[in-house]
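Chemist:
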Amino acid sequence: MTPGRAPGRPDSAPEPDPTADQATKDAMSNATTVSPAHSASTASTLITNIASLVTNDSSLGDRSPLGLVHDAAVAIEGDRVVWTGDQSKAPATDNRVDAGGRAVIPGFVDSHSHLVFAGDRTQEFNARMSGRPYSAGGIRTTVAATRAASDAELAANVTRYLREALHQGTTTFETKSGYGLTVEDEARALRVAAAHTDEVTYLGAHIVAPEFAEDPAGYVALVTGEMLDACAPYARWIDVFCEKGAFDGDQARAILSAGKAKGLHPRIHANQLSYGPGVQLAVELDAASADHCTHLTDADVDALASGDTVATLLPGAEFSTRAEWPDARRLLDAGVTVALSTDCNPGSSFTSSVPFCVALAVRDMGMTPDEALWSATAGGAAALRRTDIGRVTPGAYADLTLLDAPSHVHLAYRPGVPLVTGVWRRGERVL
Ligand SMILES: [Zn+2]
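First residue of the sequence shown: 1, per the UniProt record's numbering; consecutive thereafter.
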């Protein structure tokens, strides 16, 4: 599928949840389904007096990968950026916004989340922090709660976590099914997700459904057959949890190949809890992303460096399970493209905060503040095979985050501080 093109969202997608915050919903709904002329005013706006602007265009500013421009301005028209550069050379516009000497960065691209669920797993977290190891089986708790929830409850939950994410600077997010594990419940989760984003992932292969505990082959047949048929119309991506206790390499290959045959593009939960075939399978199948990448052999790193598959690191999971950190430095030094995302889910990483993940990546995973910022913006865009987001350059969507700080470095330098003070999405100021 062409990057940025809207997937085949069905006409039967549900009406938005009436209890939702309309501004947040409008802000977070993926506007790629809307023509630019209708998605925002065509009046032009200049954001000026920006102390430091991250463009993610290495031909601009300091010529680093961040393309950092000091004393900068950004011109927006409609839903797009039309000009960036030195504020002394800014074009005339209809409106002006004074950034007050703060930093502007691209809106975060959270390319990995699990937001369609009900209930929480406070007790599991509490027990784990008391020394009990994490296992994939905890997902079944959320499956039971999600199946029991109404459509309105699921939609309200998604809206709530999107509002959190928006307030922390996220302007694009991907989200998945995976807590239904029946044909009806997986399709329902994707319908709920598709009301909020076009980056929807079918994860029927999260774990083997409890009903198929004695017949995993039967569940794979369901996931690649009737469930896929019901889910494919709502999704752009197909995913599988390739891990001991979930799906092995042969099962994962069968599941992703079936999805590809239906027009879905693969991404994989790979090498999170142990070494395994997931990463090399991701590269073999040209998956957009191999997610987690915590336990990697040299051959895994070489495979990632040789292909177009992004390594998406999800440090919220290691934080919340007291697990070994993924080695971002090793991947970056090998030339692998790295993304940083939240993995927001109720079991192993219940954070919607990309800034928190940036701080963890800098503190514990060997990333520089510049690398972490790039990975959480342009890296996330690459993991979604998008070039119209994750950058502040002419032609890109005007998705911008204003920090109450003079530099993006403060995201790691001042961890836990709510620095996001403004957000523009598709050219509209939404925070
Ligand atoms: Zn995940």
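Just so it is clear, CB atoms sit at the ideal spot from N, CA and C, and this is done for glycine as well.
Based on the DSSP output, what are the partners of D327 in its beta bridges?
Modeler: Paired residues: none, contrary to the question.
Chemist: Apart from the five residues on each side of it in sequence, which residues of its chain come closer than 7 Å, Cβ to Cβ, to S111?
Modeler: Close CB contacts of S111 within its chain, under the 7 Å cut and outside five residues either way in sequence, are with E174, S289, T312, A339, S341, G380, A383 and L384 (chain order).
Chemist: If you draw a straight line from the C-alpha of R140 to the C-alpha of A189, how long is it?
Modeler: Pairing R140 with A189, the inter-Cα distance amounts to about 16 Å.
Chemist: Which of the three DSSP states, helix, strand or coil, is assigned to D26?
Modeler: Here D26 scores only 46 on pLDDT, less than 50, and its place in the model should not be relied on; the value that follows carries that caveat. Helix, per DSSP.
Chemist: From what residue to what residue does the beta strand (DSSP E) around I76 run?
Modeler: V69 to E77
Chemist: Look up R426 in the DSSP assignment and say whether it is helix, strand or coil.
Modeler: coil
Chemist: Within this structure, are the beta carbons of D248 and H292 separated by less than 9 Å?
Modeler: When the beta-carbon positions are compared, D248 and H292 stay at least 9 Å from each other.
Chemist: Excluding five sequence neighbours on each side, which residues of the same chain lie with their C-beta closer than 7 Å to the C-beta of L360?
Modeler: P315 and F319
Chemist: Given this structure, state the Cα-to-Cα distance separating Y234 from S88, to the nearest angstrom.
Modeler: One alpha carbon belongs to Y234, the other to S88, and they sit about 46 Å apart.
Chemist: Does DSSP put I350 in a helix, in a strand, or in coil?
Modeler: The amino acid occupying residue 350 in the given sequence is Phe; Ile does not appear at that position. In the structure shown, the three-state DSSP call for F350 is coil.
Chemist: Using the Cα positions of A37 and R429, report the straight-line distance between them to the nearest angstrom.
Modeler: With a pLDDT of only 37 at A37, under the threshold of 50, the placement of this residue in the model should not be trusted; the figure read from the coordinates follows. Looking at the two C-alpha atoms, the distance is approximately 17 Å.
Chemist: Residue range of the alpha helix (DSSP H) that C231 falls in?
Modeler: E226 to C231
Chemist: Closer than 6 Å by C-beta to L411: which residues in its own chain qualify, once you throw out the five before and the five after it? Chain order, please.
Modeler: P355 and V358
Chemist: Pull up the distance between the alpha-carbon of P91 and that of G422, whole angstroms please.
Modeler: 22 Å
Chemist: In the DSSP assignment, find the alpha helix (DSSP H) that holds A261 and state where it starts and stops.
Modeler: That run of the alpha helix (DSSP H) goes G249 to A261.
Chemist: Across which residues does DSSP place A103 in a beta bridge pair?
Modeler: S52 and L403
Chemist: Around the C-beta of A213, are 16 or more other C-beta atoms found within 10 angstroms, so that it is buried, or is it exposed?
Modeler: exposed
Chemist: Nearest to D94 by CA position, among P106, I47, H114 and G347, is which residue?
Modeler: I47
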